[in-house]
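Notes follow once the structure below has been shown.
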Amino acid sequence: MEKRYRFLDYYAVAASLGVLISLFSFLSSEPRPIYAALAAALAATAIVALFEWTCGYVKIFVVDDEEVVAVCLGRRRRVASRAEVQRLLLEKFPLYSRLSFIGRGKAGHVEAPDYVAEKLARDVSAWWDVDVDEALRPIPFLPPLESRP
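The following block contains the structure:
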């Protein structure tokens, strides 16, 4: 069985809109042609870089019976393999959630909106017969309360 999870990358869209708004406000304050050309070139470069870095503003994950794969502009990257995963950790942050695949070897992870990460965790847990641990992280850059001195 194979299932695709496709969703919009909200952070990339917000960053692109922020770049466009700031450059348009710069253009309106400095109406010289050289500044307009420079701002247009910077805007195009920023949008192309964000588009490439964020896989076209749309994240796609494919889950089947043996592995989880991230698809980015036609390229496939394995996130986790069923043979290596022993448990799942679903970390809930204020805006996004992170689903970490923990086990032997390198642990992969998926960052997605809450509803996508929860659905992915439930499906992978049921298909691969692994347990899901949930953790609430109200502030993402602080370590968990248990590990603080």
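In this note's numbering, the protein residues as written are -11 to 137. The beta-carbon is built from N, C-alpha and C at its ideal position, and this holds for glycine as well.
According to DSSP, residue pairing for residue -7 in a beta bridge involves 49. Assignment of residue 101 by DSSP, reduced to helix, strand and coil, places it in the strand class. Rounded to whole angstroms, residue 83 and residue 63 show a C-alpha spacing of 27 Å. Distances from the CA of residue 9 to each of 27, 105 and 21 were compared; the closest alpha carbon is that of 27. Partner residues in the beta bridge of residue 56, as assigned by DSSP, are 51 and 68. Secondary structure at residue 95: coil, using DSSP grouped into helix, strand and coil. By the C-beta density criterion, residue 116 is buried, having at least 16 other C-beta atoms within 10 angstroms. Burial of residue 79 is indicated by the presence of at least 16 other C-beta atoms within 10 angstroms of its C-beta.
With respect to the 8 Å criterion, residue 65 and residue 55 are not classified as neighbours on the basis of their beta carbons.
Secondary structure of residue 86 (DSSP, three-state): strand.
A residue is called buried once 16 or more other Cβ atoms fall within 10 Å of its Cβ, and residue 105 is buried on that count.
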